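Sequence order for the protein chains is A and B. Under the UniProt record's numbering, the residue at position 34 of the first sequence is numbered 34, and the numbers go up by one with no gaps. Under the UniProt record's numbering, the residue at position 38 of the second sequence is numbered 38, and the numbers go up by one with no gaps. Cβ coordinates follow ideal geometry from the N, Cα and C atoms, glycine included. Remember, it's a predicted structure, so these values are computed and weren't measured experimentally.
There are 2 protein chains.
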Amino acid sequence: MATELQDFLEVIQQVDTFEGFQEATVGLRDLLNITHVVYHWVNSVGERFGAGTYSSDWVDRYLEKDYLRMDPVLFGCFQRFTPVNWKQLDWSSKAAKAFFRDALDHGVGNQGYTIPLRGPNGQFALLNLNHNATDDQWERFISRYERDLMIVAHEFNKKALSFDAPGEVQSGPALSPRETAAITLIARGLSRGQAAAEMGISEHTLRVYIESARHKLGAMNTTHAVARALSLGLIIV
Amino acid sequence: MATELQDFLEVIQQVDTFEGFQEATVGLRDLLNITHVVYHWVNSVGERFGAGTYSSDWVDRYLEKDYLRMDPVLFGCFQRFTPVNWKQLDWSSKAAKAFFRDALDHGVGNQGYTIPLRGPNGQFALLNLNHNATDDQWERFISRYERDLMIVAHEFNKKALSFDAPGEVQSGPALSPRETAAITLIARGLSRGQAAAEMGISEHTLRVYIESARHKLGAMNTTHAVARALSLGLIIV
DNA sequence: TTCTGCCTCGCCATTTATGGGGAGGGTGAA
DNA sequence: TTCACCCTCCCCATAAATGGCGAGGCAGAA
Chain A
1 MATELQDFLE VIQQVDTFEG FQEATVGLRD LLNITHVVYH WVNSVGERFG AGTYSSDWVD
61 RYLEKDYLRM DPVLFGCFQR FTPVNWKQLD WSSKAAKAFF RDALDHGVGN QGYTIPLRGP
121 NGQFALLNLN HNATDDQWER FISRYERDLM IVAHEFNKKA LSFDAPGEVQ SGPALSPRET
181 AAITLIARGL SRGQAAAEMG ISEHTLRVYI ESARHKLGAM NTTHAVARAL SLGLIIV
Chain B
1 MATELQDFLE VIQQVDTFEG FQEATVGLRD LLNITHVVYH WVNSVGERFG AGTYSSDWVD
61 RYLEKDYLRM DPVLFGCFQR FTPVNWKQLD WSSKAAKAFF RDALDHGVGN QGYTIPLRGP
121 NGQFALLNLN HNATDDQWER FISRYERDLM IVAHEFNKKA LSFDAPGEVQ SGPALSPRET
181 AAITLIARGL SRGQAAAEMG ISEHTLRVYI ESARHKLGAM NTTHAVARAL SLGLIIV
């Protein structure tokens with residue numbers, strides 16, 4: 001087991017260009033001896049990237065049909081933090097069933113396992129494993145590899161992040177304590193008047209903080225500023 | 001190594017009550033033979049919980065001094081997704097130095113390693129390891145255990161999540177596609193008019209979506225709704 | 001079938017936020 | 001010391017959001 005993990009990690013360590021992700025998924029697929037491996041991530045700017053072994057037919061169709069908006073795997077993983085066996089997801093809707101059938105028709109295996117990963121600044125990534133197998137076989141596969149795959153997924157994500165944000169921590173524009181406090185209260189739903197009262201200052205002063213924070217964050221309005229502050233991890237609601 | 005990991009996991013598996021986290025951190029500390037182990041998490045409602053081996057003196061002082069608002073460890077981890085050696089953090093500010101000195105005075109070791117974990121619904125957790133050691137010793141400790149600790153952290157978080165959200169996926173109030181789209185555009189800084197134009201509907205219709213989403217999210221105003229939707233992972237900006 | 005939820009649109013009045021302008025005192029860094 | 005940044009307060013006019021009223025059509029679930 002430990003030996004295998006080493007093999008997996010070697011494949012990932014070799015990724016040194018953006019295109020390398022593709023090769024890494026192929027390498028991982030061959031090592032695991034399964035049908036498909038796909039790594040998919042959304043960076044801090046909301047751009048989506050994918051690298052994997054799905055046929056280009058399927059990728060094209062996926063994009064064309066805008067499956068991103070209803071894929072139960074994506075949707076399910078967005079709501080959880082634990083890896084998920086596709087069988088556990090909600091495939092009950094008509095659209096989901098049609099999607100699954102369409103996927104099978106394009107060479108996607110009937111079993112899947114996905115590890116969701118989250119980072120700061122809204123980074124969100126998925127490592128998808130896909131195979132044709134019975135439920136039992138797939139369960140055995142998962143219980144054998146789940147630990148290793150967790151590590152693998154993290155290493156993948158580390159690589160992705162190193163391309164995405166070379167500085168690792170760009171930390172964005174720091175807000176002053178009062179600005180942070182003000183934005184936090186606003187994010188909690190208080191009106192400016194309430195927030196000012198809460199902070200024991202005049203509403204005008206509070207306004208100055210919000211405006212100042214807004215400018216630092218490059219936001220068009222207060223709501224945008226709150227969204228950015230949240231996404232950047234500058235505040236916690 | 002594999003044996004040790006089994007030991008670690010056994011400690012965590014035994015957690016069956018809320019209070020069990022405390023014992024688990026003690027168990028983990030003893031197995032790793034270090035000074036402190038602390039698990040800290042913020043649940044979906046923004047409540048904070050901690051379990052660990054820090055002295056109650058230090059915990060009290062930490063809360064009393066409101067160190068939460070400036071702790072470089074917390075702040076640093078909020079910005080990254082990779083585990084972090086405390087030495088890499090920014091301790092340059094006066095407040096940070098004072099905090100560090102205060103921590104040492106309360107029995108906190110000079111070296112630390114923290115694994116940040118994120119989940120859906122704004123869940124955010126930290127597994128802190130702390131010890132008295134030289135930089136070299138600590139580096140060796142980290143490189144020896146980092147893989148295992150990643151797994152351990154995930155198992156911890158899985159437990160925490162099972163207490164936090166017994167249903168595993170409460171998924172919150174689902175927004176309709178149009179509501180999601182509307183909230184997303186608003187979160188990106190568009191005004192209602194702009195967002196409506198973007199979606200090709202009347203401003204009034206867009207307002208209905210926002211209002212509807214606001215009610216579903218239990219938010220007091222649009223900004224609050226955006227903050228909640230973001231925290232719940234219902235939208236990505 | 002009935003009912004619920006979703007999508008679409010309109011008007012009204014009121015509250016709230018925004019975008020400018022100004023001012024003074026504090027603290028820490030160069 | 002000077003400069004920059006932070007904290008605090010005020011006024012004014014306009015733009016925008018909110019709350020509540022109404023309406024119809026269309027789909028899927030009970």
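Cβ-based neighbour list, residue i, same chain, cut-off 6 Å, excluding 5 preceding and 5 following
| i | result |
| --- | --- |
| B/W41 | F49, A125 and A160 |
| A/Q111 | H131, A133 and W138 |
| B/A51 | F21, Q22, T25 and Y39 |
| B/N128 | V38 and T114 |
| A/E19 | none |
| A/W58 | H106 |
| A/L190 | none |
| B/V11 | A24, G27 and L28 |
Pair within 8 Å by beta-carbon distance, residue i and residue j
| i | j | result |
| --- | --- | --- |
| B/T223 | A/V208 | no |
| B/N85 | B/G109 | no |
| A/H106 | A/S55 | yes |
| A/L175 | A/A213 | yes |
| A/D90 | A/P116 | no |
| B/G193 | B/E179 | no |
| B/A181 | B/M199 | yes |
| A/D136 | A/F8 | no |
| A/I151 | B/M150 | yes |
| A/R118 | B/R118 | yes |
| B/N221 | B/Q123 | no |
For residue i, three-class secondary structure by DSSP
| i | result |
| --- | --- |
| B/N130 | strand |
| B/P72 | helix |
| B/F124 | strand |
| B/I235 | coil |
| A/Q6 | helix |
| B/T114 | strand |
| A/S202 | coil |
| B/G167 | Low confidence applies to B/G167: its pLDDT is 48, below 50, so where it sits in the model is not reliable, and the reading given next is rough at best. It is coil, neither helix nor strand. |
| A/A219 | coil |
| B/M150 | helix |
| A/H106 | coil |
| A/A98 | helix |
| B/R178 | helix |
| B/F156 | helix |
| B/W138 | helix |
| A/T17 | coil |
| B/L161 | helix |
| A/R144 | helix |
Per-residue burial, residue i [other beta carbons within 10 Å of its own, 16 or more giving buried]
| i | result |
| --- | --- |
| B/F81 | buried |
| B/A98 | exposed |
| A/T17 | exposed |
| B/Q88 | exposed |
| A/N33 | exposed |
| B/A219 | buried |
| B/P83 | buried |
| B/E155 | buried |
| A/A95 | exposed |
| A/R29 | buried |
| A/L63 | exposed |
| A/G167 | Interpretation of A/G167 is limited by its pLDDT of 48, a score under 50 that renders its predicted location unreliable; no figure is taken from the coordinates. |
| B/L104 | exposed |
| B/L74 | buried |
Chain-order list of residues whose beta-carbon lies under 7 Å from that of residue i (same chain, five-residue window excluded)
| i | result |
| --- | --- |
| A/I235 | T180, I183, T184, A187 and A229 |
| B/E146 | P83 |
| A/I142 | N85 and Y113 |
Same chain, Cβ closer than 8 Å to residue i, neighbours up to 5 away in sequence not counted
| i | result |
| --- | --- |
| A/V237 | T184, A187, R188 and L230 |
| A/V15 | F21, E23, A24 and K159 |
| B/C77 | V84, T114, P116 and L126 |
| A/L206 | A182, R192, A195, A196 and M199 |
Minimum length 3: unbroken beta strand (DSSP E) runs contained in the stretch 20-89 of chain B: Unbroken beta strand (DSSP E) stretches of 3 residues or longer found wholly inside the stretch 20-89 of chain B: 36-42 and 48-52, given in chain order.
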